[in-house]
Amino acid sequence: MSSKPLGTALVTGASTGLGAVYADRLARRGHDLILVARDAARMEALATRLRAETGQAAEVLPADLTDPAAVARVADRLATDAAITLLVNNAGMSLKGGLLDNGPAEIQRLIALNVTAPTLLAGAAAKAFAGRRAGTIVNIASVLALAPEAYDGVYSGSKAFILNLSLSLAGRLRETGVQVQAVLPGATRTEIWERSGTDVNAFPPGMVMEAGDLVDAALRGLDRGETVTIPPLADEAQWTAYDAARLAMGPNLSRRDVAPRYRPG
Ligand code: NAP
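Each residue of the sequence shown is one higher than the last, beginning at -1 in the working numbering.
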């Protein structure tokens, strides 16, 4: 338990998985908590344990983040509660199967939860934090943002969106002192697999990270001031080279002249 007042962390998807581990670690660092997800009983149990173990305050704010009215309620809390210093935009889902196996309702649910909700919550937090010139936004993306061929494009596309959003927001907020971090987990042992009909225990040995290790590494990345944190990637130079290649293309991407290979003849 820390006596340093760190303010309140609002964590979405806090009833289980990475969000529940974030709640645990952030309370131990000295944050008060607002826990957001649908399962109020599970969050109450977590909040009760963390209050007892850390002495921090922990509030449960049940919300279905595929419901626009519920997202608006959480966004309003971010906009108006000056005690909130940290948003962990973590709630997310995967599909059973992919684009070809699902109807519009399931695809829209994924986009609502993985794209619309975190975007609106990040926007509300960014405005509030920029006004106070302090605060941190952590967005949970995925390594699939960099590897669309490895999985279904609806899920990986939603995570690429989160990476783009984070990179852009980090640039926009740099001068305000607000920190933005995108976390890109690889396969991590949580309920997301079972919820989407996949047996994570059948994965090849050495491929699945434990949730506690993932969150501890992501928080170390945050402490290092990283904008992008990829806990499983051993060779940091691979990311640095990829990012440098992307940035080097930047000045060449908008031109009056068509590239020679596309000219007639
Ligand atoms: P998880 O164990 O399935 O937990 C998902 C959390 O999101 C739960 O707390 C769930 O709570 C909440 N949630 C689901 N639907 C919701 C809704 N409609 N409204 C509000 N909350 C909702 O998954 P996880 O692995 O911890 O996932 C956390 C984040 O990490 C996600 O963004 C995921 O895409 C990302 N990620 C995970 C992995 C992995 O391998 N595990 C890899 C890369 C990225 P309720 O059911 O109580 O609502």
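The beta-carbon is built from N, C-alpha and C at its ideal position, and this holds for glycine as well. Owing to the predicted nature of the structure, the values given are computational and were not obtained by experimental measurement.
Am I right that residue 77 and residue 68 are in contact with their C-beta atoms under 8 Å? What's the rounded C-beta distance? Reading the sequence shown from its first residue, position 79 is the one you call residue 77. Reading the sequence shown from its first residue, position 70 is the one you call residue 68. Actually they are not in contact, since the Cβ atoms of residue 77 and residue 68 sit about 15 Å apart, beyond 8 Å.
Those runs of the alpha helix (DSSP H) which lie wholly inside the region 139 to 184 and span at least 4 residues: 151 to 171
According to the Cβ coordinates, are residue 86 and residue 143 closer than 8 Å? Here residue 86 is taken as the residue at index 88 of the sequence shown, counted from 1. Here residue 143 is taken as the residue at index 145 of the sequence shown, counted from 1. Not a contact, by the Cβ cut-off of 8 Å.
Opening and closing residue of the alpha helix (DSSP H) in which residue 214 lies: As a first step, residue 214 must be located in the sequence shown, where it is residue number 216. Run containing residue 214: 209 to 221, per the alpha helix (DSSP H) assignment.
In the DSSP assignment, the beta strand (DSSP E) including residue 97 goes from what residue to what residue? Locating residue 97 in the sequence shown gives position 99, counting from the first residue. Counting along the chain, residue 97 falls outside any beta strand (DSSP E), and DSSP gives it neither H nor E.
Taking 7 Å as the cut-off, is the CB of residue 61 close to at least one heavy atom of the ligand NAP? By one-based count along the sequence shown, residue 61 stands at place 63. Result yes, Cβ under 7 Å from the ligand NAP.
Alpha-carbon to alpha-carbon, residue 22 and residue 210: Here the question's residue 210 lines up with position 212 in the sequence shown. Here the question's residue 22 lines up with position 24 in the sequence shown. The straight-line gap from Cα to Cα measures roughly 10 Å.
Looking at residue 16 and residue 138, is the spacing between their C-beta atoms short of 8 Å? Looking up residue 138 in the sequence shown gives position 140. Looking up residue 16 in the sequence shown gives position 18. Contact: yes.
What do you get for residue 116, buried or exposed, if any count of 16 or more other CB atoms within 10 angstroms of its CB means buried? The sequence position of residue 116 within the sequence shown is 118, counting from 1. Flag for residue 116 reads buried.
Relative to the ligand NAP, is the shortest distance from any of its heavy atoms to the C-beta of residue 154 smaller than 7 Å? By 1-based counting over the sequence shown, the position of residue 154 is 156. No, since every heavy atom of the ligand NAP falls outside the 7 Å radius drawn around the Cβ of residue 154.
Can you find the residues in the same chain that come closer than 7 Å, C-beta to C-beta, to residue 258, ignoring five residues on each side of it along the sequence? Position 260 of the sequence shown, counting from 1, holds the residue named residue 258. Closer than 7 Å at Cβ, skipping near neighbours: no residue.
Would you call the region 142 to 161 and the region 89 to 100 in contact, with 3 or more CB pairs under 8 Å? yes
Let me know if residue 183 comes out buried or exposed under the rule of 16 or more other beta-carbons within 10 Å of its beta-carbon. As a position in the sequence shown, residue 183 is number 185, starting the count at 1. By the neighbour-count rule (16 or more Cβ atoms within 10 Å), residue 183 is buried.
Can you tell me which of 56, 3, 50 and 52 puts its alpha carbon nearest to the alpha carbon of residue 9? Taking the sequence shown and counting its residues from 1, one reaches residue 9 at position 11. Nearest C-alpha to residue 9: 56.
Would DSSP call residue 197 helix, strand or coil? As a first step, residue 197 must be located in the sequence shown, where it is residue number 199. Residue 197 falls in the coil class under three-state DSSP.
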